[in-house]
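Protein chains: 2
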Amino acid sequence: MNDLLDRFRNGDRRALARLITHVENETPTGRAAMRELYGDTGRARSIGITGPPGAGKSTLVDRLALQFRQEALKVAIVAVDPSSPFTGGAILADRVRMRKLADDPEVFIRSMATRGALGGLSRTTGSVLKVLDAFGFDVVLLETVGVGQGEVEVVREAETCIVLEVPGLGDSIQAIKAGVLEIGHIFVVNKADKPGADRVVEQILGMLGLNPTPPEWQPPVIETVATRGEGMKELADQIRAHWSHLDEKSLRRRHIGLRRVADLGEILKGRALGMISEKILAQSGYEELKQQVERGDVDPFEAADRLLPFDGSEDWRLP
Amino acid sequence: MNDLLDRFRNGDRRALARLITHVENETPTGRAAMRELYGDTGRARSIGITGPPGAGKSTLVDRLALQFRQEALKVAIVAVDPSSPFTGGAILADRVRMRKLADDPEVFIRSMATRGALGGLSRTTGSVLKVLDAFGFDVVLLETVGVGQGEVEVVREAETCIVLEVPGLGDSIQAIKAGVLEIGHIFVVNKADKPGADRVVEQILGMLGLNPTPPEWQPPVIETVATRGEGMKELADQIRAHWSHLDEKSLRRRHIGLRRVADLGEILKGRALGMISEKILAQSGYEELKQQVERGDVDPFEAADRLLPFDGSEDWRLP
Chain A
12 MNDLLDRFRN GDRRALARLI THVENETPTG RAAMRELYGD TGRARSIGIT GPPGAGKSTL
72 VDRLALQFRQ EALKVAIVAV DPSSPFTGGA ILADRVRMRK LADDPEVFIR SMATRGALGG
132 LSRTTGSVLK VLDAFGFDVV LLETVGVGQG EVEVVREAET CIVLEVPGLG DSIQAIKAGV
192 LEIGHIFVVN KADKPGADRV VEQILGMLGL NPTPPEWQPP VIETVATRGE GMKELADQIR
252 AHWSHLDEKS LRRRHIGLRR VADLGEILKG RALGMISEKI LAQSGYEELK QQVERGDVDP
312 FEAADRLLPF DGSEDWRLP
Chain D
12 MNDLLDRFRN GDRRALARLI THVENETPTG RAAMRELYGD TGRARSIGIT GPPGAGKSTL
72 VDRLALQFRQ EALKVAIVAV DPSSPFTGGA ILADRVRMRK LADDPEVFIR SMATRGALGG
132 LSRTTGSVLK VLDAFGFDVV LLETVGVGQG EVEVVREAET CIVLEVPGLG DSIQAIKAGV
192 LEIGHIFVVN KADKPGADRV VEQILGMLGL NPTPPEWQPP VIETVATRGE GMKELADQIR
252 AHWSHLDEKS LRRRHIGLRR VADLGEILKG RALGMISEKI LAQSGYEELK QQVERGDVDP
312 FEAADRLLPF DGSEDWRLP
């Protein structure tokens, strides 16, 4: 691992890619590396982008990356695809990124497929963001399809959340997206040259207006046509405005502090699960008891009492 | 709790409703009741129904419930709505169920909103299914919007999974649903009187045909017009055919056995988290250490070493 970390710290992108794989798979090397790198994190700006399939997220993310490159910022893109819980394969095909980005040595692009539970994904996404942060990227763009709650959790790992909407998807889609509306710091109505764009802007403004306690940050709603690069400058300006807001109000320091405490909780939770399951597996009667439970001869609660007697609260009580 | 359980066992529907609330919120009463009722489970048939918003799931579920009622089966309906992670409110409004069902004393209808992580929801959904099973329902219909992976997990709690499709939702929706296709035992193309229905049937058959190892159960594809009750008899017949298949091949006994082992794992996991977090909170230095982590004075890994030294694997290693 030390060799890998040395190369990582020397800016070797292949070492970066390998380290991310370790972190994604939560290997011992990945966990040890997170520990080593933790002190180097807290500098990069993270931006989450979510929206329904077909909203043009990838194009917008590519254009936004180009915009930041023009300002000489180093940019990483992480695209999170929902995948089949059975095959483990990603549903959305890896589309071809803009050539200009793929050839740029200061741009790094990575796809992550969701494996198993989405709770686990938001944890590993958080770790991948930290690895990219430690590598020295100024901006990390985190792109995900906003179709379920798990995906919303993923985007919440980012400091700035952009929610994409688009005209013409119908009302039921809009209804589903209500939960996503609440996480947005900036709203983008993409494909704004299509009919109905103004109505989508109005709908979003209407929903934002329903908020009973107006937040200190009033989320702007921007129209873009990402395929032609229209509105990208304004979007980048609004992102910078949000960064200033986070810095001025010490919100960013607070966000990072809370993340650090949440990380402590996750580390302890992992250890708790590892320690206790190791202890249970080491018990001589475990395998037979498991078979008795499977056959229905012993009730799972009864078996749990024999393996791990405990009558306190079964909740994780740390942050 | 004993009073509540007595009333539950006497068939009191208000006691049933209250018990479900306890189980959903994972209260001590809910947990104790699950333990008491566990031995009474394993009889009800559970049917999961998923599909995109606007596919007519609720209407189909209502019609299917009526069909089973005509066969004198007691039916429970559980509708799982995705909700906002911020407000906790359900996004899809509780629609009015068919009057005929709402007035039927042998039919029980319950809505569940997703609170917090979806992993937690599939766990509580499993528990709610068991409560309804223990109450004596013959069939439990579990209805959910199939938009994300978490929702897929929910439907997998059921023995028989029905996947609804509908003409006219466009290709991007179809693409997202690829992951859902793999869990279906029966496919229904609802609104089959609309143009394009045949093409959807063909698409599903085509995707099913791609399966490299044909399963023992070949999922049928049925066309329905739920608003007019068309195709419901055939759907009920196919559900019964699936039940026979599960029974003949001992698949049902295997499914129940694996669920029991999974339940044992969940109980032990809950205890592990409860025990260890209790232990950590009881340490005198915990609060101050947490603040040091938040301020960035102590690294979360360093803090974890002080609170819970462990250098084994941080994975849960039980089923």
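Just so you know, the sequences run in chain order A and D.
First residue of the first sequence: 12, per our numbering; consecutive thereafter.
First residue of the second sequence: 12, per our numbering; consecutive thereafter.
Idealized CB from N, CA, C, for every residue including glycine.
Only a predicted model underlies this, so the values are computations on that prediction, with no experimental measurement involved.
Item                                                                                                                       : Value
Proximity of residue 200/D and residue 211/D at Cβ, strictly below 7 Å                                                     : yes
Short CB-CB distance (under 7 Å) between residue 310/D and chain A                                                         : yes
Any C-beta of chain D under 7 Å from that of residue 325/A                                                                 : yes
Neighbour-count burial assignment, residue 168/A, 16 or more Cβ in a 10 Å radius                                           : buried
Cβ-based burial, residue 50/A [other Cβ within 10 Å; buried from 16]                                                       : exposed
Chain A contact residues for residue 280/D, given Cβ-Cβ distances below 7 Å                                                : 284
Beta carbon of residue 90/D nearer than 7 Å to that of residue 122/D                                                       : yes
Neighbouring residues, chain D, relative to residue 274/A (Cβ below 7 Å)                                                   : 311
Residue 236/D (DSSP reduced to helix, strand or coil)                                                                      : strand
Spatial distance of residue 219/D from residue 226/D (CA atoms)                                                            : 10 Å
Local conformation of residue 263/A per DSSP, three classes                                                                : helix
Near-chain A residues of the stretch 50–64 of chain D (beta-carbon distance less than 9 Å), N- to C-terminal order         : 50, 53, 63 and 64
Reduced DSSP secondary structure (H/G/I, E/B, other) of residue 324/A                                                      : coil
Cβ of residue 99/A within 7 Å of any chain D Cβ                                                                            : Residue confidence is low: residue 99/A scores 39 on pLDDT, short of 50, so the model does not pin down where it sits. No coordinate-derived value is stated.
Short Cβ contact (7 Å threshold) for residue 284/D with residue 327/A                                                      : yes
Nearest-angstrom Cα separation, counted from residue 117/D out to residue 81/D                                             : 11 Å
C-beta contact flag for residue 140/D and residue 57/D at 7 Å                                                              : yes
Beta-carbon proximity list for residue 95/A, same chain, < 6 Å, skipping 5 on both sides                                   : In this prediction, residue 95/A has a pLDDT of 42, which is less than 50 and means its spatial position is unreliable; what the coordinates show is noted afterwards. Excluding residues within five positions, none has a Cβ falling inside 6 Å.
Same chain, Cβ closer than 6 Å to residue 256/D, neighbours up to 5 away in sequence not counted                           : 228
Reduced DSSP category for residue 176/D - H, G, I as helix; E, B as strand; rest coil                                      : strand
Option in 45/D, 305/D and 173/D with minimal Cα separation from residue 269/A                                              : 305/D
Length of the line joining the Cα atoms of residue 46/D and residue 316/A                                                  : 11 Å
Chain-ordered chain A contacts of residue 291/D [CB-CB under 9 Å]                                                          : 279, 283, 328 and 329
Pairwise C-alpha distance: residue 152/D and residue 136/D                                                                 : 12 Å
Candidates 154/A, 196/A, 149/A and 150/A, of which the one nearest residue 172/A by Cα                                     : 196/A
Residue span of the alpha helix (DSSP H) that contains residue 40/D, given as start and end                                : 39–48
Residues that residue 56/A bridges to, as DSSP identifies them                                                             : 150/A
Stretch-stretch touch, CB-based, cutoff 8 Å, three pairs: the stretch 232–241 of chain D with the stretch 62–74 of chain D : yes
Backbone secondary structure at residue 106/D - three-state DSSP                                                           : Low per-residue confidence applies at residue 106/D: pLDDT is 49, beneath 50, and the placement is therefore not dependable, though the value from the model is reported in the following sentence. Residue 106/D: coil per DSSP, three-state reduction.
Cα-Cα separation, residue 27/D to residue 19/D                                                                             : 6 Å
Within chain E, the residues that residue 44/D reaches when beta carbons sit closer than 7 Å                               : Going by chain labels, chain E is absent from the structure shown, which instead holds the protein chains A and D.
Test: residue 287/A CB closer than 7 Å to a CB of chain D                                                                  : yes
Alpha-carbon spacing of residue 183/A relative to residue 64/D, whole angstroms                                            : With a pLDDT of 43 at residue 183/A, under the threshold of 50, the modelled position of that residue is not reliable, and no figure is offered here.
Cβ pair residue 206/D, residue 272/D closer than 7 Å                                                                       : no
Residue burial classification, residue 138/A (beta-carbon count within 10 angstroms, cutoff 16)                            : buried
Chain A within 7 Å of residue 177/D, Cβ atoms only                                                                         : no
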